[in-house]
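These notes concern the structure reproduced below.
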Amino acid sequence: MELPITPLVVTVLLLVPLTLYILQRPIPSIPHAPWAVLTTDLPALIAHPTTGFAYLKSLPTTHQTPLRQVWLKPFSRPYLLLADYREARDILTRRREWDRSDYSISILGGVAPRHHINLKHGPAWRYHRALLADTMAPAFLHAVAAPEIYRSATALVTLWRLKADRAAGAPFEAGGDISRTALDAVLDFTFGKAFPHRTLPAQTRAAETAEAKGGGGGGGPVERGPRGDAVFPQGAMHETLEATLHAGELVGRAAATPFIDLAYRYFALLPSERRFRALQRGYAREQILSAVARLDKVRGTSHGGDDDDSWARSAVDLMMARERRLAGKEGRAPVYVSEDTSDEVLGFIVAGHDTTATTLSWGLKRLTDAPAAQVSLRAALRGAHAAAAAAGRAPTVAEIVATSVPYLDGVLEEMVRLGTPVPVLERQCDRDTTVLGRAVPKGTTMLMLAQGPSLTSPALRIPEAARSPSARPCGEWDPEGMELFAPERWLSTDGAGNVVFDPLAGPVLGFGGGVRGCFGRKLAYLEMRIVCTLIAWDFELLECGEELSGYEATEEITYKPTSCYMKPRRWEDA
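Okay, so the sequence shown: first residue is 1 according to UniProt numbering, each after it adds one.
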């Protein structure tokens, strides 16, 4: 017996696709998958064998188009996917109609909604940037931040000496060590010695006391895992630091769903999430009040006051001093403890930790698989730091900061180019505009690949007439070997025959660009410079074998390696 098809069923069958088409209406004349207008790109993205970014990265080359529409959530307008460095740089640095996107704010705003990265351009954003302005001053970075970073990097070298000895020639998982080094460094930068908790001391104690093969106490070679790797336990971590790291994980969990806002609302109902949130807010408030007490002691309790910040020993010290000056200029009482200041503090730590740890993890994996580059880097470092080499010691922090090492600069830039922590940058236009000759309506979100065509693979052909007038020509990479780790691509020879680092040699988008680019870029490069110098000075990073050297990725707040194995051998033992 045939079932009757009622008028209601027919109406529903007609209205559902029509409604989806209206809500997800494509932008005219820009390529897209016809089926995605109704289904979105989510089925294809989910079915992709690796990650969502890998799916997006594959589209421009597969379809040979630098500009394409994608639907990443149901019942919404399409996003545009751009795979071209020149146009992306133009949008990021020169075109004022492009601002932070609602999409990005929904992803990151669930953790720190009042952090400046989650604010549109305007008075509130300008206040936040003014609050932070002094923290990236060279004097503070070199005199205060660099010695603290050096201390954490030295602790990592000490830990890896211990692990290399107890691993007895086997590789070990080092991603946790790199992450903890970056976390300790950003805690030192943000709070100074006023914050008592760090992670590397416990990691070192865990490695010292790890059970040896066949049982017994620490001291001998440790047990091997099923893939031949040396297995070390992780050191205990204070609950406030666990809460901090959890913030980055939470962003990844929310971003993995098509309904990000609903995901955050659900997470907020969980007792564990409320506990983590209270811990995050609690230690931020405590450190802010501690900084205010130091400020009052130095300058007294009157508003306004001296512009001399030489007393400051942390970023939060500088933030509180800046708030006092801003309040004095505006004729108001300072507001030290607020959602604005606590979110900036939390954002400093979460973003500063994750981006640097991710870049270093990818970068050291690349360096491990490039033994010739390691030899060149060691030679360049020993030549630049001849006094340290002659004395049989590592370079001091002052020597590292003050000494130009072009090959090291090339290594760092390759780490950023191939291991960018955020491989998709975003902006949203606040008016109708044009990109590559195509009309783009107000409110459209642009996703720009920081890896792929023109950056790590050959560029797609774009007629010059289609480009924005402000998309100026720039350096380009040789299409052959763009995917390879080659620090030499950043080097050139000056008029006197000296090898110099050329930061404009070719495209890189690792830290974005323009006024909305990564605020902590200078800090990240300083940390990478110190860590890589000390590691390359002490160790040769031996290849770990194919099974432990994969480049699979995990998407959280950053795009990080799923695993990061190292087999460091001291150069003196080679």
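Quick reminder that beta carbons are idealized off the backbone N, C-alpha and C, glycines included.
The structure displayed is predicted, hence computed values, not measured ones.
Whole angstroms are fine: how far does the CA of residue j sit from the CA of residue i?
{"i": "L447", "j": "V440", "result": "13 Å"}
{"i": "G225", "j": "V231", "result": "6 Å"}
{"i": "A124", "j": "M566", "result": "44 Å"}
{"i": "R274", "j": "H246", "result": "12 Å"}
{"i": "D430", "j": "Q287", "result": "38 Å"}
{"i": "D229", "j": "E173", "result": "8 Å"}
{"i": "L504", "j": "R489", "result": "11 Å"}
{"i": "P258", "j": "R161", "result": "45 Å"}
{"i": "A145", "j": "D188", "result": "7 Å"}
{"i": "A210", "j": "E97", "result": "56 Å"}
{"i": "A164", "j": "I535", "result": "13 Å"}
{"i": "R569", "j": "T199", "result": "24 Å"}
{"i": "P78", "j": "A112", "result": "26 Å"}
{"i": "G514", "j": "Q374", "result": "33 Å"}
{"i": "D184", "j": "P233", "result": "19 Å"}
{"i": "R129", "j": "G550", "result": "39 Å"}
{"i": "L3", "j": "D261", "result": "Low confidence applies to L3: its pLDDT is 44, below 50, so where it sits in the model is not reliable enough to give any reading."}
Can you round the beta-carbon distance between residue i and residue j to whole angstroms, since I take them to be within the 8 Å contact cut?
{"i": "L460", "j": "Q64", "result": "6 Å"}
{"i": "L364", "j": "L408", "result": "Not really, about 14 Å apart at Cβ, beyond 8 Å."}
{"i": "L360", "j": "A182", "result": "7 Å"}
{"i": "E527", "j": "T356", "result": "5 Å"}
{"i": "T444", "j": "Y103", "result": "With 8 Å as the limit, T444 and Y103 do not qualify as a contact, their Cβ atoms being about 11 Å apart."}
Please state whether DSSP places residue i in a helix, a strand or coil.
{"i": "K73", "result": "coil"}
{"i": "residue 627", "result": "Because the chain here runs from 1 to 574, residue 627 falls outside it and cannot be looked at."}
{"i": "S152", "result": "helix"}
{"i": "F348", "result": "helix"}
{"i": "T65", "result": "coil"}
{"i": "K297", "result": "helix"}
{"i": "P568", "result": "strand"}
{"i": "P503", "result": "coil"}
{"i": "T240", "result": "helix"}
{"i": "A391", "result": "helix"}
{"i": "V435", "result": "strand"}
{"i": "V231", "result": "coil"}
{"i": "C518", "result": "coil"}
{"i": "T444", "result": "coil"}
{"i": "C532", "result": "helix"}
{"i": "S563", "result": "coil"}
{"i": "W490", "result": "helix"}
{"i": "Q451", "result": "coil"}
{"i": "V186", "result": "helix"}
{"i": "D354", "result": "helix"}
{"i": "T554", "result": "strand"}
{"i": "D343", "result": "helix"}
{"i": "R478", "result": "Here residue 478 is Asp; the residue named in the question, Arg, does not match the sequence. Correct three-state label for D478: coil."}
Residue i: buried (16+ other C-beta within 10 angstroms of its C-beta) or exposed?
{"i": "A333", "result": "exposed"}
{"i": "G110", "result": "buried"}
{"i": "R393", "result": "exposed"}
{"i": "P28", "result": "exposed"}
{"i": "Y266", "result": "exposed"}
{"i": "F75", "result": "exposed"}
{"i": "I46", "result": "exposed"}
{"i": "S338", "result": "exposed"}
{"i": "P473", "result": "exposed"}
{"i": "P49", "result": "exposed"}
{"i": "N118", "result": "buried"}
{"i": "E330", "result": "exposed"}
{"i": "A524", "result": "buried"}
{"i": "D177", "result": "buried"}
{"i": "V424", "result": "buried"}
{"i": "R100", "result": "buried"}
{"i": "W311", "result": "exposed"}
Which same chain residues, not among the five before or five after residue i, have their C-beta less than 6 Å away from its C-beta?
{"i": "C544", "result": "P171, Y565, K567"}
{"i": "T554", "result": "K560, T562"}
{"i": "residue 575", "result": "Because residue 575 is not part of the residues shown, which for the chain are 1 to 574, the question remains open."}
{"i": "E414", "result": "F485, P487"}
{"i": "S457", "result": "M482"}
{"i": "A291", "result": "V316, D317, M320"}
{"i": "A263", "result": "A254, T257"}
Measuring only from the beta carbon, is residue i closer than 6 Å to any heavy atom that is part of the ligand PLP?
{"i": "R275", "result": "Annotation note on the ligand PLP: not contained in the displayed structure, which lists no ligands."}
Using C-beta distances below 8 Å, list every residue in its chain close to residue i, excluding the 5 sequence neighbours before and after it, in chain order.
{"i": "P201", "result": "A155, G235"}
{"i": "D41", "result": "A33, Y55, V70, W71, L72"}
{"i": "T158", "result": "T204"}
Residues in its own chain within less than 7 Å of residue i by CB, not counting five upstream and five downstream?
{"i": "Y283", "result": "T240"}
{"i": "Y85", "result": "S454, L455, P507, L509"}
{"i": "R180", "result": "T199, L200, Q203"}
{"i": "V401", "result": "H142, A146"}
Consider the Cβ of residue i: report whether some Cβ of chain D lies at a distance smaller than 7 Å.
{"i": "G52", "result": "Absent from the structure is chain D; it holds one protein chain and no more."}
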